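This report concerns only the one structure given below.
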Amino acid sequence: MIHLDVTIMGTPYRLVCKEGEQATLREAVSYLDARMTALRDSGKVKGNDRIAVMAAISVAAEFLSVKSPQGGPLSDMSILEVKQKLSAMHTVLDSALTPQENLF
1 MIHLDVTIMG TPYRLVCKEG EQATLREAVS YLDARMTALR DSGKVKGNDR IAVMAAISVA
61 AEFLSVKSPQ GGPLSDMSIL EVKQKLSAMH TVLDSALTPQ ENLF
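Going by full-length UniProt numbering, the residue at position 91 of the sequence shown is 91; the numbering climbs one at a time, nothing skipped.
This is how it looks when you write it as structure tokens:
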């Protein structure tokens, strides 16, 4: 496992990922940081918790509006396919966040 030190809205985090996944994780962190920073800077959302939730909803909406590899919207994907993709995302997030939570 590889340890990555990243910053989201000025707060440092130490994440863990598998060898070869560093670039993808850094890209995800950069994207999330940009979304959260834009929400904060807009002045419409106050508090880091609310900013994180609004960013998560925004990213989820983007995810659901993206076309599937078969050419249709993700809503046309089978429930099983969506569950498999979400499960894979949860596994990546759990492996990245669990070691960090143990530091505190």
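Yeah, the Cβ is synthetic: ideal placement off N, Cα and C, and Gly gets one too.
Model, not experiment: these values are computed from the prediction.
Report task. Could you tell me which uninterrupted beta strand (DSSP E) segments, each at least 3 residues in length, are contained entirely in the segment 10-73, listed from first to last along the chain? Result -> 11-17
Could you name the residues that DSSP lists as bridge partners for Leu4?
Leu15
- request: Determine, using beta-carbon pairs with one atom in the segment 27-41 and one in the segment 3-12, whether at least three such pairs fall under 8 Å.
  value: yes
Requested in this report: Determine the contact status of Val59 and Tyr31, defining contact as a CB-CB distance below 9 Å.
Outcome: yes
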